[in-house]
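The numbering used here puts the sequence shown at residues 105 to 297. Heads up, the beta-carbon is just placed ideally off N, CA and C, and yes, glycines get one too. Please read all numbers here as calculations on a predicted model, not as lab measurements. Quick notes on the structure that follows.
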Amino acid sequence: MILPITAYGDPVLKKVTQDITPDYPDLKALIENMFETMYSAEGVGLAAPQVGLNIRMAVVDASPFAEDDSLPKTERDYLKKFKRVFINPIITERWGTPWGFEEGCLSLPGIHEKVFRPESILMTYYDENWEEHTDEFSGLAARVIQHEYDHLDGKVFTDHLSPLTRRMIQKRLSCIAEGRINTRYPMRFARRK
Ligand code: NI
């Protein structure tokens, strides 16, 4: 089932999310729906607040980046299979020179800005079978995870931009918040007038 995606301006995108337990109702169906929603909107990641849920979970499928010829073949091969569910993740370390990449977000349609993030992270999380993992991620995988992880802490990528850049996109952000935009996928606007 495709779920409406929460638009920028909804308070749920500003909340720090809560951990869940294995008895969370219909978790399997929720994970399936989140993947379906993400794929239909052509995203590479989707965090629970983006479907209106204040819980610590995100799905990622970075395989579209495997088509990017500018990446080394080893990274492309890795990204081709990079489909994961992250439950209750905790990033314990970030390192490496921050690098810039033009990010977008399904909750902020039409906005793309360069964001600087550290190259590598170490993260502990549960997968969809409640197996615990502690993994190191680098490059685009670490990029996508850090973007989704921000959502779980009530942040969006525009929070990383300089005050000047933020001022330049302020009008467009207001349009999104008020639902004065057209999108290819269903959205939910908390501040639609
Ligand atoms: Ni996002």
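inquiry  = Taking DSSP's pairing of strands, which residues face Ala-151 in a bridge?
reply    = Ala-162
inquiry  = Please give the ranges of any alpha helix (DSSP H) in the region 251 to 282, keeping only runs that are unbroken, at least 4 residues long and fully inside the region.
reply    = 267 to 281
inquiry  = Mapping the DSSP letters down to three states, classify Gly-204 as helix, strand or coil.
reply    = strand
inquiry  = Looking at ligand 1, does it come within less than 7 Å of Cys-279, judged from the CB to the closest heavy atom?
reply    = no
request  = For Ser-211, name the three-state secondary structure that DSSP assigns.
outcome  = Three-state DSSP puts Ser-211 in coil, outside helix and strand.
request  = Check Val-219 in the structure and name its three-state DSSP category.
outcome  = strand
inquiry  = If you follow the beta strand (DSSP E) that Met-227 is in, where does it begin and where does it stop?
reply    = 224 to 230
key: Three-state class that DSSP yields for Ile-106 in the structure shown   = coil
inquiry  = Quick check on Cys-279 - is its C-beta less than 8 Å from some C-beta in chain C?
reply    = Absent from the structure is chain C; it holds one protein chain and no more.
query = Are the region 148 to 155 and the region 234 to 254 touching by the rule of at least three beta carbon pairs closer than 8 Å?
reply = Yes, they touch.
message = Taking the beta strand (DSSP E) that Phe-241 belongs to, which residues open and close that run?
response = 236 to 242
task = For Arg-288, write down the residues that DSSP places opposite it in a beta bridge.
result = Answer is none; Arg-288 lacks a bridge partner.
message = Can you tell me whether Leu-226 sits near ligand 1, meaning its C-beta is under 7 Å from at least one heavy atom of the ligand?
response = no
request  = Taking all protein chains shown into account, decide if Glu-217 is buried (16 or more other Cβ within 10 angstroms of its Cβ) or exposed.
outcome  = buried
ask   = In or out: Met-272 buried (at least 16 other Cβ within 10 Å) or exposed?
value = exposed
message = Is any non-hydrogen atom of ligand 1 found closer than 7 Å to the C-beta of Arg-255, if you look at the structure I gave you?
response = In the sequence as displayed, the identity of residue 255 is His instead of Arg. For ligand 1, at least one heavy atom lies less than 7 Å from the Cβ of His-255.
message = Considering just the uninterrupted stretch of the alpha helix (DSSP H) at Phe-139, what are its terminal residues?
response = 131 to 144
query = How about Ser-144: is its Cβ closer than 7 Å to a heavy atom in ligand 3?
reply = Of the ligands one can find in the structure shown, namely ligand 1, none is ligand 3.
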